[in-house]
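> I'd like to ask some things about the structure below.
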Amino acid sequence: MKKFFYTLLIFLCLSCNIAKAQPPIYTNIFNQGVYKVDSIVKVLGRDISFIQNISSEKSVYFLLVDENQSVIQALKMEPNSPKYDLHKLEPNFKIILIGEGSAFLS
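The structure is reproduced here in structure tokens:
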């Protein structure tokens, strides 16, 4: 009985160590988080050239980083900002959004 209990306990401990998966992307409106450019391009099916804060009250900080975690582009977008041109996006880049606003990619 003890062997069964310990085996079950070990199995439960090992099965709970599941890596956190990124949520799937369904839209071109993004909130705070870290996003892979290749995932965005796969879902949206086109190149992305512009970013805009569509929130009416909250600011958003935008960071574009490469595979070495070097910052390629950084923006602070105020509420209802105009569209900003993005640096050419490569599949291995990541987009980081910080703040409570919502960013619209087009």
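Numbering (mature numbering (1 follows the signal peptide of the UniProt record, and there is no 0)) for the sequence shown: -21 to -1, 1 to 85.
Where is the CB? At the ideal position from N, CA and C, for every residue including glycine.
#1: Tell me the start and end of each unbroken beta strand (DSSP E) in the stretch 23 to 48 that is at least 3 residues and wholly inside, in chain order.
#2: Could you tell me the boundaries of the beta strand (DSSP E) in which residue 83 lies?
#3: Tell me which same chain residues have a C-beta within less than 6 angstroms of the C-beta of residue 75, skipping the five on either side of it?
#4: Can you tell me where the beta strand (DSSP E) with residue 56 in it begins and where it stops?
#5: Report the rounded CA-to-CA distance for residue 67 versus residue 28, giving the unit in angstroms.
#6: Could you tell me the alpha carbon to alpha carbon distance between residue 144 and residue 36, rounded to whole angstroms?
#7: Identify, in the order they occur along the chain, each residue of the same chain with its Cβ nearer than 8 angstroms to the Cβ of residue 62, setting aside the five sequence neighbours on each side.
#8: Taking only beta-carbon positions, decide if residue 12 is within less than 8 angstroms of chain D.
#9: Give the straight-line distance between the Cα atoms of residue 7 and residue -15, rounded to the nearest whole angstrom.
Taking the geometry as given:
#1: Taken in chain order, the unbroken stretches of beta strand (DSSP E) that lie wholly in the stretch 23 to 48 and span 3 residues or more are 29 to 32 and 39 to 44.
#2: Taken as a continuous stretch (DSSP letters only), the beta strand (DSSP E) holding residue 83 covers 82 to 84.
#3: Same-chain partners within the cutoff: 13 and 42.
#4: Residue 56: member of the beta strand (DSSP E) spanning 50 to 56, first to last residue.
#5: Cα to Cα, the separation comes out at about 7 angstroms.
#6: This structure does not reach residue 144, given that the chain is present from -21 up to 85, and the question cannot be answered.
#7: These residues qualify, in order along the chain: 29, 30, 31 and 85.
#8: Going by chain labels, chain D is absent from the structure shown, which holds only one protein chain.
#9: Their Cα atoms are separated by approximately 46 angstroms.
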